[in-house]
Structures are given as C-alpha cells and as structure tokens.
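Peer 1: Chains L and V, in that order, are what the protein sequence lines are. Here the first sequence is numbered in the numbering used here, starting from 52 and rising by one per residue. Here the second sequence is numbered in the numbering used here, starting from 642 and rising by one per residue. For glycine and all other residues, C-beta sits at the position ideal for the given N, C-alpha and C.
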Amino acid sequence: MEGFLQALAAGLLIGAVYGLMCVGLGLIFGVMRVINFAHGDFMMLGMYTAFYLFTAAGIQTLFGNAVGPFVAILLAGPVLALFGYFVHRALISHVSGTRTASLEGEGHYAQLILTLGIALILQNGGLIVFGSVLASIRTPLSSSAWELGPFFDMSIFLNKARSIDMIVSLAIMVFLSLLITRTRIGKSLRAAADNPTAATYMGIDVDRAHRTAFALGCGITAIAGGLLATNYPFHPFVGLEYVIVMYAGVVLGGMGSIIGAFWGGMTIGLVQQMSTLILPTQLQNAAIFAVFLLIIFFRPQGFFGRMVERT
Amino acid sequence: MLRIERLSAGYSAKPVLNDVSINVGAGQFVAIVGPNGAGKTTLFKTISGIVKPSGGAITFDGVDLLAVPPPQRAHLGIAHVPEGRQVFPSLTVMENLEMGAMTESGRRDWQANIERIFEWLPVLKERRDQFAGTMSGGQQQMLAIGRGLASSPKLLMLDEPSMGLAPSTADFIFERLIEIRRQSGLTMLLVEQRVAEALESADHGYVLEAGHVVLEGNNATLRADDRVRKAYLGM
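So this is what it looks like as structure tokens:
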C-alpha cells in the first residue's frame with residue numbers, strides 16, 4: 052500500500068511535467084496540423100539553454116542554487132519561443148499554412164522530411180557544440196524530500212525539486228488555458244485551427260497565427276525540458292527519448308485537443324511510475340505503450356478527441 | 642463600390658471564370674445566379690483572395706483589391722459568408738461572433754452590432770454559449786450571417802445561404818436577409834441557386850453560366866427574359 056501511494060505520488064509529479072511537454076507539441080499540431088519530429092530536439096535545446104543560463108549567465112550567483120535553476124528554466128521558455136519563431140519563419144512556413152493548403156496532403160510529406168532534417172541538424176549540431184558528456188541542472192532540492200504524513204503509520208516522500216516542477220507546470224497550464232480560452236489571440240488561434248479558410252475571411256492572418264502557435268509550443272516544451280533536467284541528466288540526443296512520449300501523449304489526449312495533451316502526458320507519467328510496482332524498470336516504456344494501445348483500442352479518438360473531423 | 646473587370650480565374654490549367662465583369666454599387670443588392678459549376682463560388686473566393694486570378698482586375702472602394710493580402714481584405718470592409726456556412730465548430734456562438742469582429746470597425750461597434758444581430762437573429766442569443774458545431778444547419782447559417790455582420794462590413798457577400806436547408810428554413814433566412822437589408826441599407830452581393838427568390842429580392846442580377854456572364858440587368862428585365870423564365874423560373 053505504501054509503495055502504491057508512493058508510486059502514485061511520483062506519477063502525478065512527473066505526469067504534470069510530461070503533460071506540459073505534450074501540450075507544447077499538441078498546440079503546434081492542434082493549430083497547424085504539422086507533425087513536428089524535431090520537437091524533442093527543441094526540448095533538448097531548452098534544457099541546454101536553461102543549463103547555460105544558470106551556470107554561465109550569472110543566474111547561479113544572483114539567485115543561488117535553490118531558486119536559480121527555476122529562474123533559468125523559466126527564461127529558457129522565451130528564448131526557445133524566439134528560436135521557434137524564426138525556425139517557422141525561415142523554414143516551416145514554406146511547407147505549411149496557406150502556401151500548401153491547396154496541395155495534395157497539405158504538404159505533409161515535405162513537413163515530414165523538413166522536421167526530420169531539423170532534428171538531425173539539432174542533434175548533431177548539439178553534439179559539436181555541447182559535447183557528449185551528460186549534463187544536469189543540479190539543485191540541492193533534487194536530492195531532498197518533503198515528508199507527507201504519517202497517515203495510519205505510512206508516510207509519502209515528495210522530492211522537493213519534482214514538487215516544484217509540478218507546481219510550475221500547473222501554473223503554466225492555467226496561464227495557457229486562460230490564454231487559449233479567454234483572449235482574442237487564443238480565440239483566433241482556435242478559429243485558425245478549426246477552419247483556416249474561414250479564419251482568413253474573418254481577417255485573421257493564418258500564417259501569423261501558426262507562427263504564434265509554433266513559438267508558444269517551443270517555449271512551453273523548453274520549460275518542460277528544463278524542469279525534467281532538474282532530475283534527469285541529458286545529452287544532445289535526449290530528444291529522441293522524449294519525442295515518442297510526447298506523441299503518445301498527444302494521441303492519447305486526442306489529436307487537436309490542447310488540454311487533452313496535458314492529460315495524455317499525465318497518464319503516461321502515472322503509468323510509467325506505477326509500472327515499477329510490478330515490472331522491472333527496463334520495461335517502463337513497454338508498459339507505457341501497452342497501456343497506450345489498450346486505451347486507443349477502446350477510444351480511438353483519445354480522451355478529448357472529436358470523432359468529427361474539421362470541415 | 643465593388644468593380645470586377647474582365648476577371649479570369651481557375652484551378653491549375655482549367656479556367657473556371659472567363660472575362661467576368663460585375664459591378665456592385667453602394668447600397669445595391671446584387672444577385673448572381675446560375676447552375677452548379679458556373680463559377681459562382683470561385684468568383685467569391687477570388688474576391689476574398691483564396692483563389693488567385695489569372696487576369697483582370699478587382700477594385701473595392703477605389704482600392705486595387707488584388708494587391709491586398711487575403712487576410713487584410715476583411716479589414717477593408719468585405720464580409721464573406723461562405724458556402725456551406727463554415728462556422729468554427731469548436732467555438733461557441735458568441736466566440737464565432739467575436740471572430741467576425743476581428744476588424745477595427747467590428748471591435749469599435751461591437752456592442753451596437755451584437756444587439757442588432759441578436760434582434761435580427763434571436764436564435765443566436767438563445768444559444769450564445771452553445772458550440773457552433775452542435776447546431777443545426779439553419780442555425781449555423783444564421784450564425785454565419787451574424788458573424789459576417791459583426792465586422793461592420795461595407796459589403797456583405799453571401800454564398801448560397803439556402804444550401805442544404807429545408808425549404809421553410811431557406812425561406813426564413815431569405816426573409817431575414819431582406820429585413821436586415823431594409824433596416825441597415827447594407828450593400829449585398831448574393832450568389833444563389835434559388836433563382837426565383839434571389840431575383841425577386843435583388844435590385845440587379847447577373848446570370849453566370851460556365852464561367853461567363855451570359856445576361857445581366859435589373860430585376861424586372863431579368864425576370865421578363867425568356868431564357869431566364871424557361872431555364873430557371875420554370876415558366
């Protein structure tokens with residue numbers, strides 16, 4: 052019982068960060084219908100950006116070892132959003148949006164090759180620039196825990212860094228859902244996602260909406276990456292490990308649903324942690340995909356997916 | 642207000658519009674009628690910039706429209722109520738109307754516009770928080786019209802507002818359009834397959850067949866024309 056509660060708590064903590072990570076990808080897919088295979092590598096860049104902001108840009112000396120990492124991680128978001136903005140402007144916009152709306156398959160083949168190419172460049176470029184040594188964002192909070200309880204002589208230990216990771220993730224999710232549901236920008240993003248042609252009739256610049264979504268998606272995933280880096284060491288090829296989880300989360304949540312992507316990621320975090328109760332650690336990822344297949348078998352549209360495609 | 646001169650357009654090599662010239666004066670209600678595949682929808686898409694023309698010119702209020710990027714055209718005062726309604730299904734009725742009001746004039750007049758829209762199309766007020774995708778075809782058509790009106794347009798372009806609707810619903814929508822025009826004096830350009838109703842309510846009409854304007858004239862001339870009577874009015 053104690054083991055179960057402990058795994059549940061660990062799953063919720065990591066699930067919130069996975070959820071945030073998936074939301075970044077889900078936003079891009081939901082608004083642009085572009086499958087971005089380089090998203091894991093954008094996250095890797097986010098991890099290194101947070102790492103260098105912390106260690107080399109003076110944030111460590113300014114804010115100390117406990118708060119500093121989180122300041123650096125939050126700052127990595129805007130940096131990667133800006134990077135995403137320019138990647139969209141220079142590359143992605145040539146194979147997506149209104150330029151390819153009338154092509155067969157809406158330019159998906161070109162998008163596939165282009166994003167895979169960007170992924171390769173980022174991975175190998177990262178290897179040259181950052182080297183292959185494992186890096187991590189060290190904080191004293193990563194190796195200490197809060198004790199919850201005891202309830203009925205059981206105690207649950209919450210890793211401090213992971214708990215703060217979860218709080219940051221949830222705060223960004225709340226901020227993002229308000230942005231998407233309440234603001235003019237958010238509503239126009241949803242309109243552009245629903246029907247790009249009709250959005251153009253309304254005077255919405257669909258390509259600009261796509262650029263906004265792409266930048267926002269990159270920034271959010273970069274923050275999630277930084278949060279993960281407080282507990283997991285990383286290297287230039289780390290994106291590959293996470294991009295699969297991201298896609299699984301987005302599909303579970305329902306393609307096109309931004310809030311759904313968060314719950315998809317949360318589910319994956321929970322399954323991953325709970326599976327350690329009954330399976331050896333090496334089988335964590337196998338467990339994720341077994342559950343994934345099971346859910347998709349019974350609910351092919353995902354948790355929040357709509358069966359009706361857009362017109 | 643809207644002047645289309647010798648416009649040609651089409652998809653890849655196949656021309657759909659050939660040398661089409663159409664004039665819409667300020668305050669006029671102009672109808673374009675014709676059979677399926679005549680190029681009516683393509684004409685509207687060319688005005689909105691979704692289809693690029695291969696020749697000819699379009700001016701709106703003296704502005705060379707073809708030099709204006711498509712999303713900017715709405716901001717000039719053109720509201721396009723598209724074929725098949727094309728409301729935003731995952732947005733609520735109110736959010737759909739807000740999307741109509743993305744233009745500067747739409748934002749400025751939002752309060753007054755929304756009151757008038759709710760008065761003309763009360764079903765939108767009743768269902769303001771419902772997702773547009775869950776409404777019936779007729780309700781979606783009314784939403785599409787309301788969304789167009791929310792931008793405070795100078796020109797309202799309506800593409801087959803009766804398409805796919807029960808005859809009684811289509812009649813109701815026509816009746817609403819005539820009432821809206823009577824009260825607001827809005828300039829309207831209507832494309833319609835229900836030729837009798839369209840010609841009855843419009844000031845001026847064009848008959849488009851296979852990408853050509855084959856006939857034009859005011860309401861009385863067209864309704865008296867033998868070809869129109871035989872082919873479209875069933876007389």
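Going by alpha carbons, who is nearest to residue 744 of chain V out of V/716, V/783, V/729 and V/668?
Peer 2: By one-based count along the second sequence, residue 744 of chain V stands at place 103. Ranking the options by Cα distance to residue 744 of chain V, first place goes to V/716.
Peer 1: Between the stretch 252-265 of chain L and the stretch 306-321 of chain L, do at least 3 Cβ pairs fall closer than 8 Å?
Peer 2: no
Peer 1: At which residue ranges does the stretch 305-345 of chain L contain complete beta strand (DSSP E) runs of 3 or more residues, listed in the order of the chain?
Peer 2: none
Peer 1: Please state whether DSSP places residue 361 of chain L in a helix, a strand or coil.
Peer 2: By 1-based counting over the first sequence, the position of residue 361 of chain L is 310. The predicted model places residue 361 of chain L with a pLDDT of 41, which falls under 50 and marks its position as unreliable, so this point remains unresolved.
Peer 1: Select from V/740, V/790 and V/771 the residue whose C-alpha is nearest the C-alpha of residue 760 of chain V.
Peer 2: Along the second sequence, read from residue 1 onward, the residue named residue 760 of chain V stands at position 119. Residue V/790 is the option with its Cα nearest to residue 760 of chain V.
Peer 1: Scan the stretch 699-715 of chain V for residues whose Cβ lies nearer than 9 Å to a Cβ of chain L and list them as they occur along the chain.
Peer 2: Those residues of the stretch 699-715 of chain V placed with their C-beta closer than 9 Å to a C-beta in chain L are 710, 711, 712, 713, 714 and 715, ordered along the chain.
Peer 1: Could you spell out the range, first to last residue, of the alpha helix (DSSP H) harbouring residue 845 of chain V?
Peer 2: The sequence position of residue 845 of chain V within the second sequence is 204, counting from 1. Residue 845 of chain V -> not in any alpha helix (DSSP H); beta strand (DSSP E) instead, spanning 845-850.
Peer 1: So residue 774 of chain V packs on residue 730 of chain V, CB below 8 Å; how close in whole Å?
Peer 2: The count along the second sequence starts at 1 and reaches residue 774 of chain V at position 133. The count along the second sequence starts at 1 and reaches residue 730 of chain V at position 89. Rounded to the nearest angstrom, the Cβ distance from residue 774 of chain V to residue 730 of chain V is 3 Å, consistent with a contact under 8 Å.
Peer 1: Do the stretch 178-197 of chain L and the stretch 105-122 of chain L meet, that is, are 3 or more Cβ pairs less than 8 Å apart?
Peer 2: yes
Peer 1: Return helix, strand or coil for residue 798 of chain V, following the three-state DSSP convention.
Peer 2: On the second sequence, position 157 is the one that residue 798 of chain V refers to. Here residue 798 of chain V sits in strand by DSSP.
Peer 1: Note the first and the last residue of the continuous alpha helix (DSSP H) segment covering residue 763 of chain V.
Peer 2: Within the second sequence, numbered from 1, the residue matching residue 763 of chain V stands at position 122. From DSSP, the alpha helix (DSSP H) with residue 763 of chain V extends over 763-767.
Peer 1: Kindly identify the DSSP beta-bridge partner or partners of residue 644 of chain V.
Peer 2: Here residue 644 of chain V refers to the residue found at position 3 when the second sequence is read from its first residue. Bridge partners of residue 644 of chain V: V/664 and V/700.
Peer 1: Can you tell me which of L/269, L/343 and L/339 puts its alpha carbon nearest to the alpha carbon of residue 136 of chain L?
Peer 2: Walking along the first sequence from the start, residue 136 of chain L turns up at place 85. Measuring from the Cα of residue 136 of chain L, the nearest candidate turns out to be L/269.
Peer 1: Using a Cβ-Cβ distance under 9 Å, would residue 744 of chain V count as near chain L?
Peer 2: In the second sequence, residue 744 of chain V corresponds to position 103, counting from 1. Yes, residue 744 of chain V lies at the interface with chain L (some Cβ there is under 9 Å from its Cβ).
Peer 1: Expressed to the nearest angstrom, what Euclidean distance is found between the alpha-carbon atoms of residue 766 of chain V and residue 841 of chain V?
Peer 2: For the purposes of this step, residue 766 of chain V is taken as residue 125 along the second sequence, with counting starting at 1. For the purposes of this step, residue 841 of chain V is taken as residue 200 along the second sequence, with counting starting at 1. Cα-Cα distance, rounded: 30 Å.
Peer 1: Buried or exposed: residue 345 of chain L, going by 16 or more other Cβ atoms within 10 Å of its Cβ?
Peer 2: Residue 345 of chain L sits at position 294 when you count from the first residue of the first sequence. Answer is exposed; the Cβ neighbour count stays below 16.
Peer 1: Should residue 665 of chain V and residue 862 of chain V be called a contact, given that it needs their Cβ atoms to be closer than 9 Å?
Peer 2: Taking the second sequence and counting its residues from 1, the one referred to as residue 665 of chain V is at position 24. Taking the second sequence and counting its residues from 1, the one referred to as residue 862 of chain V is at position 221. No, these two residues do not count as a Cβ contact at 9 Å.
Peer 1: Please go through the same chain and pick out, in chain order, the residues whose beta-carbon is closer than 8 Å to the beta-carbon of residue 754 of chain V, but skip the five residues on each side of it.
Peer 2: The residue given as residue 754 of chain V occupies position 113 in the second sequence. Taken in chain order, the residues that qualify are 742, 747, 790, 791 and 793.
Peer 1: Would you mind reading off the limits of the beta strand (DSSP E) that contains residue 205 of chain L?
Peer 2: On the first sequence, position 154 is the one that residue 205 of chain L refers to. That run of the beta strand (DSSP E) goes 205-210.
Peer 1: Measuring CB to CB, does residue 868 of chain V end up less than 9 Å from residue 848 of chain V?
Peer 2: What you label residue 868 of chain V is simply residue 227 of the second sequence in a count that begins at 1. What you label residue 848 of chain V is simply residue 207 of the second sequence in a count that begins at 1. The answer is yes: Cβ separation under 9 Å.
Peer 1: Could you name the residues that DSSP lists as bridge partners for residue 658 of chain V?
Peer 2: By one-based count along the second sequence, residue 658 of chain V stands at place 17. For residue 658 of chain V, DSSP records a beta bridge to V/650.
Peer 1: Please compile the residues from chain L whose C-beta is within a distance smaller than 9 Å of the C-beta of residue 793 of chain V.
Peer 2: Your numbering for residue 793 of chain V matches position 152 in the second sequence. Under the 9 Å cutoff, chain L gives no residues; its nearest Cβ is about 12 Å from residue 793 of chain V.
Peer 1: Counting only beta-carbon atoms, is residue 160 of chain L nearer than 9 Å to chain V?
Peer 2: Taking the first sequence and counting its residues from 1, one reaches residue 160 of chain L at position 109. So no, residue 160 of chain L is outside the interface.
Peer 1: Apart from the five residues just before and just after residue 647 of chain V, which ones in its own chain have a Cβ nearer than 8 Å to its Cβ?
Peer 2: Looking up residue 647 of chain V in the second sequence gives position 6. So the list reads 660, 661, 662, 696, 697 and 698, once near-sequence residues are dropped.
Peer 1: List the residues of chain L that residue 731 of chain V touches, going by C-beta distances under 7 Å, in chain order.
Peer 2: Residue mapping note: residue 731 of chain V aligns to position 90 of the second sequence, counting from 1. By Cβ distance, chain L contributes 241 and 245.
Peer 1: Short of 7 Å in beta carbon distance, which residues of its chain neighbour residue 724 of chain V, apart from the five on each side in sequence? Order them along the chain.
Peer 2: In the second sequence, the residue the question calls residue 724 of chain V occupies position 83. Only 682, 800, 801 and 804 meet the Cβ criterion.
Peer 1: When you check each C-beta in the stretch 245-261 of chain L against every C-beta of chain V, which residues fall closer than 9 Å?
Peer 2: 245, 246, 248, 249, 250, 251, 252, 253, 254, 255, 256, 257, 258 and 259
Peer 1: Looking at the unbroken alpha helix (DSSP H) that takes in residue 719 of chain V, where does it start and where does it end?
Peer 2: Taking the second sequence and counting its residues from 1, one reaches residue 719 of chain V at position 78. Here residue 719 of chain V belongs to no alpha helix (DSSP H); instead the beta strand (DSSP E) covers 719-722.
Peer 1: In chain L, which residues lie with their C-beta within 8 Å of the C-beta of residue 740 of chain V?
Peer 2: Locating residue 740 of chain V in the second sequence gives position 99, counting from the first residue. In chain order: 238, 239, 242, 250, 253 and 255.
Peer 1: Output, in chain order, the set of chain L residues within a Cβ distance shorter than 7 Å of residue 649 of chain V.
Peer 2: On the second sequence, residue 649 of chain V is found 8 positions in, with the first residue counted as 1. At a C-beta separation below 7 Å, residue 649 of chain V has no neighbours in chain L, since its nearest C-beta there lies roughly 18 Å away.
Peer 1: Pull the bridge partners of residue 830 of chain V from the DSSP assignment, please.
Peer 2: Taking the second sequence and counting its residues from 1, one reaches residue 830 of chain V at position 189. Answer by DSSP bridge pairing, in chain order: V/671 and V/798.
Peer 1: Check this for me: beta carbons of residue 274 of chain L and residue 124 of chain L, under 9 Å apart or not?
Peer 2: Along the first sequence, read from residue 1 onward, the residue named residue 274 of chain L stands at position 223. Along the first sequence, read from residue 1 onward, the residue named residue 124 of chain L stands at position 73. A distance below 9 Å separates the beta carbons of residue 274 of chain L and residue 124 of chain L.
Peer 1: Please classify residue 147 of chain L as buried or exposed, where buried requires at least 16 neighbouring CB atoms within 10 angstroms.
Peer 2: The residue labelled residue 147 of chain L in the question sits at position 96 within the first sequence. Buried: at least 16 other Cβ atoms inside 10 Å.
Peer 1: Going by DSSP in three states, residue 147 of chain L sits in which element: helix, strand or coil?
Peer 2: To locate residue 147 of chain L, count along the first sequence from 1; it is residue 96. Reduced to three states, the DSSP call for residue 147 of chain L is coil.
Peer 1: Distance check for residue 777 of chain V and residue 816 of chain V, CA to CA, integer angstroms please.
Peer 2: Reading the second sequence from its first residue, position 175 is the one you call residue 816 of chain V. Reading the second sequence from its first residue, position 136 is the one you call residue 777 of chain V. Each residue's Cα considered, the two are about 18 Å apart.
Peer 1: Who pairs with residue 186 of chain L in a beta bridge, going by DSSP?
Peer 2: Taking the first residue of the first sequence as position 1, residue 186 of chain L is located at position 135. In the DSSP output, where bridge partners are listed per residue, residue 186 of chain L has L/285.
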